[in-house]
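The C-terminal residue of the sequence shown carries number 587 in the numbering used here, and the numbering is unbroken.
Below: the structure, in structure tokens.
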Amino acid sequence: MTDDPAARYQPDAMSHPGAATDFVPADVDATDWSQIEPLFNDLIDRPVNSPAEFESWLLHRSELDAACSEARAMLYITMSCHTDDKEANDAYTTYIENIPPRAKPLSFKLNQKHSDLARQFPLDENRYEVINRNTCRTVELFRDENVPLETELAKLSQRYDQIAGAMTVEFNGTEHTMPQMNLFVHEDDRKVRESAWRAIANRRLVDRDRIDDLYEEMIRRRHQIAINAGYDNYRDYKHAEFCRFDYSARDCFQFHAAVEEHCVPFARDLHARRKERLNVEPLRPWDLLVDELGRPPLKPFSNGQELIEKSRRVFDRLSPELGAMFGELGDNETPGGCLDLDTRKGKAPGGYQYMRDRSRRPFIFMNAAGLHRDVETMVHEAGHAFHSQFCRDEPLVDYRHSPIEFAEVASMTMELLTMPYWDEFYPDASSANRARRQQLESSISLLPWIASIDAFQHWIYTNPTHARSDRYDHWLELDERFGAAVSWSGLEEERAVSWQRQGHLFGVPFYYIEYGIAQLGALGLWRISLDQGEAAAIDLYKRALSLGGSRPLPELFESAGVPFDFGPSQVARLVEAVRTELDRLPD
């Protein structure tokens, strides 16, 4: 037997064909309950009398789940692209009010049946270990009384997107979206960037209380969900719901400590250098993005279509296979296509990749404003798309999605492995090296922010009755522990609510430490590219992504050639590797 996890657990194309079954009609409208309810009932009532019939049942259920997932995806994509479109918002609201509350109890019955059938007809343990384990956990957690609470939370998350998406700033006589305002925070003129930073912060303060009110509603509902499921707090409930079988809250605290010991000093060394080079006293929040040598902001592209064209050339050079996969996504103009990249008023903030599970086509959403950070977002989300594409022939929809900790390895690795080809964005060598330095520096200096957001949530949900002022005070404590070495004098109010810009807190609670764990995995693959060559790293990358979510988390990391380890010794090794590479790169 091979010791290669990817070879060991790769689905057999003959036994597990990727083609869809005919159980779900091709033209089904999964936003219409009358069309999907009979399919749920068929699966619930169907006799299953053999292992072969159980496998067929699993495939049919997967097909139904994929159809339901894609229906929701399309409504969410349309809504987030146009948060100011009443019809789009109403359609999404109608869906979340009417379909999930009806589908979840029936899905629970299917999960119960799956668990019973797995005991009655044991299948290949290597093949079905993960889906059986996760399904049993889902059965343990389900409560009927939590369904309406989850519906309310989905609506509250939508409200946060609407509030954030509506934020614009009048600056220099022109209305700008928040992503567009970041252009001015990169300006060399300190007065301009201070004015821009304050305009952004003041605009956020306008909605501070609305967002706090909304967040407190979320905390109350989430705590009740945990109590209903028999947990003391939502933190423990959410770790269970995320099927974190391979690490615990204690490991998260170990990560926080490792970041504090090794990454915070790294970041603060950068701040000290920045302060000296800018010749400012003290360093202020609006001094963190400007080029410290007085060079103008990097200008990698002018619009979304140019971003696509340059990204395609980058991926072609890194790997022709990846280049072809990126090419499948098409352009930025096709309605119903795979890309919506340019920022505009009324568009939700942030960026994401959303796999449309039935058609098996990824969708990338972002708010490109012509900044280098948009390049990072583009290659990051493309990495997620590659992950979806590498495992799209997997017949079980559950295995076409991996644990988030590894899903983010797929995206963060692309940020690092594409660096040698950033001359497509920056033909001038000094600009390309500047972008590479920025990427390497941020790969470590981002980790303190990740640790602070994760630690913040641990405190929030283990102290669910805290006062608003207590929440502000705890955030300030965390910012002292992990934050930038800047002066906030006169900006105490802005500092106390700076956490509100992190959308994960509202839409996907406890989904954030995954970025830290994954960053360590991505840096591990980057080290392999330096030590063993780029081809070796790409081969490991493709091998691991092809597994999807079919194996436990440590094995996914093993298949990529990196340890599942986010303790102090591993963090120290990776920080040292980045320091060494930065010493080699010219400013």
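Every residue, glycine too, gets a C-beta built ideally from N, C-alpha and C.
(request) Report back the beta-carbon spacing between Leu478 and Phe456 to the nearest angstrom; my notes put them in contact at under 8 Å. (result) 6 Å
(request) Return yes when the Cβ of Gly165 is within less than 8 Å of the Cβ of Ala348, no when it is not. (result) yes
(message) Taking contact to mean 3 or more Cβ pairs, one atom from each stretch, closer than 8 Å, check whether the region 153-172 and the region 256-275 are in contact.
(response) no
(message) Which same chain residues end up closer than 6 Å to Ser402 when comparing Cβ atoms and leaving out the 5 residues on each side of it in sequence?
(response) Gly548, Gly549
(message) Between Asn228, Ser388, Ile453, which has its C-alpha nearest Arg481's C-alpha?
(response) Ile453
(request) List the residues that DSSP assigns as beta-bridge partners of Pro148. (result) Bridge partners of Pro148: none, in fact.
(message) Going by DSSP in three states, Arg193 sits in which element: helix, strand or coil?
(response) helix
(message) Just to confirm, is the Cβ distance from Gln112 to Val139 under 8 Å?
(response) yes
(request) For Arg361, write down the residues that DSSP places opposite it in a beta bridge. (result) Arg356
(request) Entirely within the region 369-411 and at least 4 residues each: give me those alpha helix (DSSP H) ranges in chain order. (result) 372-390
(request) Using beta-carbon positions only, say whether Ala544 and Ala518 come within less than 8 Å of one another. (result) no
(request) Just grab the DSSP bridge partners of Glu170 for me. (result) Glu175
(request) Determine the DSSP secondary structure at Leu585, reduced to helix, strand or coil. (result) coil
(request) In the DSSP assignment, find the alpha helix (DSSP H) that holds Leu64 and state where it starts and stops. (result) 51-81
(request) May I ask you to report which of helix, strand or coil DSSP gives Asn367? (result) strand
(request) With a threshold of 16 other CB atoms inside 10 Å of the CB of Ala26, please say whether the residue is buried or exposed. (result) exposed
(request) Between the Cα of Asn202 and those of Phe171, Arg471, Thr377, spot the shortest distance and give me the residue it belongs to. (result) Phe171
(request) Determine contact between the region 291-311 and the region 123-130, defined as no fewer than three beta-carbon pairs at a distance below 8 Å. (result) no
(message) Pull the bridge partners of Leu629 from the DSSP assignment, please.
(response) There is no way to answer for residue 629, as the model of the chain reaches only from 1 to 587.
(message) Three or more C-beta pairs under 8 Å: does that hold for the region 362-382 against the region 410-429?
(response) yes
(request) Reducing DSSP to helix, strand and coil, say where Arg244 ends up. (result) coil
(request) Work out the CA separation of Ala257 and Gly567 for me, nearest whole Å. (result) 8 Å
(request) Using the Cα positions of Gly337 and Met74, report the straight-line distance between them to the nearest angstrom. (result) 11 Å
(request) Compare the beta carbon distance of Arg222 and Leu153 with 8 Å and say whether it is the shorter of the two. (result) yes
(request) Figure out for me which residue from Leu446, Asn134, Arg437, Gly521 has the closest Cα to the Cα of Arg579. (result) Arg437
(request) Keeping to the same chain, check which residues put their C-beta closer than 7 Å to that of Pro586; ignore five residues upstream and five downstream. (result) Asn433
(request) State buried or exposed for Met1, treating a residue as buried only when at least 16 other CB atoms are found within 10 Å of its CB. (result) Interpretation of Met1 is limited by its pLDDT of 30, a score under 50 that renders its predicted location unreliable; no figure is taken from the coordinates.
(message) So, for Leu214: in the same chain, excluding its five sequence neighbours on each side, which residues have a beta-carbon less than 8 Å away from its beta-carbon?
(response) Leu156, Arg159, Tyr160, Ile163, Phe506
(message) If I measure Cβ to Cβ from Ala577 and keep anything under 6 Å in the same chain, skipping five residues before and after, which residues do I get?
(response) Arg527
(request) Answer with buried or exposed for Glu37, where buried requires no fewer than 16 other C-beta atoms within 10 angstroms of its C-beta. (result) exposed
(request) Tell me the start and end of each unbroken alpha helix (DSSP H) in the region 243-291 that is at least 4 residues and wholly inside, in chain order. (result) 249-258, 264-278
(request) Please decide whether Ala467 counts as near chain D, where near means a Cβ-Cβ distance under 8 Å. (result) Absent here is chain D; the protein component of the structure consists of one chain.
(message) Here's a check: name, in chain order, each residue in its chain whose Cβ is nearer than 6 Å to the Cβ of Thr31, leaving out the five neighbours to either side.
(response) Ala71, Tyr95
(request) Indicate whether the contact test is met: 3 or more Cβ pairs, each with one atom in the region 482-492 and one in the region 282-294, closer than 8 Å. (result) yes
(request) Could you have a look at Ile219 and say whether DSSP puts it in helix, strand or coil? (result) helix
(message) Rounded to the nearest angstrom, what separates Thr78 and Pro265 at their Cα positions?
(response) 43 Å
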